[in-house]
Every structure is written in C-alpha cells, then in structure tokens.
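Only one structure is covered here, and it is reproduced in the block below.
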Amino acid sequence: VPVTSILGVDVSKLDMQGTVQVLERAVASRRPHQIITANPIMIMAALDSEDNMRSMREAELIVPDGAGVVWAAEELGDPVAERVPGIDLLHALMKRGEELGWTAYLLGAAEEVVQEAASRLQKQYPKVRIVGVRNGYFGEAENAGVIESIRQSQPDLLFVARDAKTQEPWIARHKQELGVPVIMGVGGSFDVISG
Ligand code: UDP
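No gaps in the numbering here: position 72 of the sequence shown is 138 in the working numbering, and each next residue is one more.
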C-alpha cells in the first residue's frame with residue numbers, strides 16, 4: 067500500500083475503492099488486519115505516547131479519516147487520494163460484503179445502540195450475515211469471554227465502537243487471538259447508524 071508519512075505515522079494514499087480492494091485481499095488471507103481511521107487528534111496522541119505510537123506502527127492499514135489529515139499530507143507535499151472516513155468505509159465494506167457473502171460482528175456502544183445499529187445494517191445489507199452483537203461496556207473480567215465469542219463466530223469483519231483511548235489498544239492487543247481478518251475501530255459510528 068502506498069503511504070505518506072505524517073509526523074512518523076504512515077497514512078494510506080489509496081482512495082475508497084482501492085482501500086476496499088486491499089481489504090478484500092485481507093479477508094481472503096484470513097490473517098488479522100487492524101485498520102485505524104486516523105484523525106489529527108489520534109496522530110497528536112501518537113506523538114504524545116509510545117503506546118499510542120506503537121499501535122499506529124503495528125496497524126496493518128491507517129486511512130485518512132479526517133479532513134485535517136488530508137490537509138496535513140497536502141501541506142507536507144505528499145498528498146493522499148481522498149478522505150476515507152471510517153463510517154463510509156464501514157458502509158463500503160458491507161456493500162462489498164453483500165457481493166462476497168461476508169459475515170460481520172458488531173462490538174461496542176450501549177446495548178440498545180448496538181442492537182439498533184445491527185438491525186438497520188441487516189436491513190440495508192441483507193446478504194451480510196451479522197454473526198454477533200455485543201455492547202462496549204465490559205471490563206478486564208469479561209474480556210476473555212468477549213474474545214472467545216468473537217473467535218467462535220469467525221466473522222470476516224469486526225467493527226469496534228468504543229472510545230478512542232480504548233478501542234485501538236484493545237484491538238492491537240487482541241487481534242492475533244481474535245483471528246478476524248478485518249478489524250476496524252469505528253468510534254461513534256454505531257450511534258450515527260442507529261439514528
Ligand atoms: N463506548 C463503549 N465503551 C466504553 C466507552 C465508550 O462502547 O467504555 C462507546 C460509546 O457508547 C460510543 C463510542 O464508544 O458509542 C464512542 O464514544 P465517545 O464518543 O465517548 O468516544 P470518542 O470517540 O469521543 O473517544
């Protein structure tokens with residue numbers, strides 16, 4: 067994947083369509099891929115802490131979510147193709163998933179929110195089987211159970227909607243045991259989808 071380096075963070079130069087193509091190959095590979103949708107706050111947070119920088123460096127793909135990231139790349143003289151917002155990428159993956167018969171797991175947000183988001187996505191993309199739904203309010207004690215439930219459902223796509231401080235480190239720490247080929251932090255997207 068062609069990238070542009072923004073303050074040490076390698077951001078993908080693929081457009082939305084190219085991003086979906088790369089993730090289609092990721093699904094076929096069955097190897098775990100963490101997709102980070104980068105905004106300027108996350109890049110600043112990476113500069114601020116070794117831990118955050120490490121999860122950025124270990125991510126398989128960082129896409130330019132925010133307009134600020136697109137602007138920074140342009141200013142640095144190595145522009146990206148276009149914005150690739152997380153929620154748009156989620157929809158684009160569900161759309162491609164309809165054609166390829168993928169399955170998805172939704173993890174995060176409050177219980178009513180994630181249930182409603184799942185039901186709306188299922189209506190909009192009936193050929194993508196939603197194999198699991200779990201709210202994002204769980205602690206260390208429940209972690210192993212959450213991971214086991216996802217492992218057993220073997221989804222192609224795992225969308226994780228938790229706060230920015232928790233979601234990326236959690237995905238980074240558990241992506242190998244989760245064994246899901248496309249794992250993406252989507253922040254407040256379930257709230258948006260559920261209306
Ligand atoms: N969330 C969650 N578990 C938590 C904290 C937050 O599932 O422990 C969910 C929250 O319900 C919302 C999403 O994470 O759907 C994004 O939360 P917020 O907007 O507070 O985080 P930010 O994106 O501002 O970091």
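Every residue gets a Cβ at the ideal spot worked out from N, C-alpha and C, and that includes glycine.
query: Heavy atom of the ligand UDP less than 6 Å from the Cβ of aspartate 131, yes or no?
result: For this step, residue 131 is matched to residue 65 along the sequence shown. No, since every heavy atom of the ligand UDP falls outside the 6 Å radius drawn around the Cβ of aspartate 131.
query: Can you give the Cα-Cα distance for glycine 202 and alanine 210, rounded to whole angstroms?
result: For the purposes of this step, residue 202 is taken as residue 136 along the sequence shown, with counting starting at 1. For the purposes of this step, residue 210 is taken as residue 144 along the sequence shown, with counting starting at 1. In a straight line, the C-alpha of glycine 202 is about 14 Å away from that of alanine 210.
- prompt: Heavy atom of the ligand UDP less than 6 Å from the Cβ of glycine 254, yes or no?
  reply: Locating residue 254 in the sequence shown gives position 188, where the first residue counts as 1. Glycine 254 Cβ: within cutoff of the ligand UDP.
task: On the DSSP bridge assignment, give the partners of methionine 250 in chain order.
output: Numbered from 1 along the sequence shown, position 184 holds the residue referred to as residue 250. For methionine 250, which the question treats as bridged, DSSP gives the partners Ile101 and Phe225.
message: Using the three-state DSSP reduction, which class does glycine 84 fall into: helix, strand or coil?
response: Residue 84 sits at position 18 when you count from the first residue of the sequence shown. Note: glycine 84 maps to helix in three-state DSSP.
query: Can alanine 94 be considered in contact with the ligand UDP, in the sense that its beta carbon sits closer than 6 Å to one or more heavy atoms?
result: Along the sequence shown, one-based indexing puts residue 94 at 28. Result no, Cβ not under 6 Å from the ligand UDP.
- prompt: With DSSP run on the structure shown, which of helix, strand or coil describes valine 93?
  reply: On the sequence shown, residue 93 is found 27 positions in, with the first residue counted as 1. Three-state DSSP puts valine 93 in a helix.
field: Nearest candidate by alpha-carbon position, reference alanine 111, set Pro145, Gly254, Asp144 and Ala230
entry: Sequence index remark: in the sequence shown, residue 111 carries index 45 (1-based). Residue Ala230 is the option with its Cα nearest to alanine 111.
task: May I ask whether a heavy atom of the ligand UDP can be found less than 6 Å away from the beta carbon of arginine 228?
output: Looking up residue 228 in the sequence shown gives position 162. Yes, the Cβ of arginine 228 comes within 6 Å of a heavy atom of the ligand UDP.
- prompt: From leucine 80 to glycine 261, what does the alpha carbon distance come to, in whole angstroms?
  reply: For the purposes of this step, residue 80 is taken as residue 14 along the sequence shown, with counting starting at 1. For the purposes of this step, residue 261 is taken as residue 195 along the sequence shown, with counting starting at 1. Spanning the two alpha carbons is a distance of roughly 29 Å.
- prompt: Considering leucine 244, what are the terminal residues of the alpha helix (DSSP H) in which it resides?
  reply: By one-based count along the sequence shown, residue 244 stands at place 178. Run containing leucine 244: 230–244, per the alpha helix (DSSP H) assignment.
Touch test, the segment 215–227 against the segment 152–171, Cβ-Cβ under 8 Å, three pairs minimum: Output reads yes: the segment 152–171 touches the segment 215–227.
task: Closer than 8 Å by C-beta to alanine 147: which residues in its own chain qualify, once you throw out the five before and the five after it? Chain order, please.
output: Residue mapping note: residue 147 aligns to position 81 of the sequence shown, counting from 1. Around alanine 147: Lys79, Leu80, Asp81 and Gly84.
task: Evaluate lysine 241 with the Cβ neighbour count: other Cβ atoms within 10 Å of its Cβ, from every protein chain shown; 16 or more gives buried, anything less gives exposed.
output: For this step, residue 241 is matched to residue 175 along the sequence shown. A residue is called buried when at least 16 other Cβ atoms come within 10 angstroms of its Cβ; lysine 241 meets this threshold and is buried.
- prompt: glutamate 178 to serine 185, Cα distance in whole Å?
  reply: Sequence index remark: in the sequence shown, residue 178 carries index 112 (1-based). Sequence index remark: in the sequence shown, residue 185 carries index 119 (1-based). The C-alpha of glutamate 178 lies about 11 Å from the C-alpha of serine 185.
field: Residue burial classification, leucine 155 (beta-carbon count within 10 angstroms, cutoff 16)
entry: The residue given as residue 155 occupies position 89 in the sequence shown. Looking at its Cβ environment, which holds 16 or more other Cβ atoms inside 10 Å, leucine 155 is buried.
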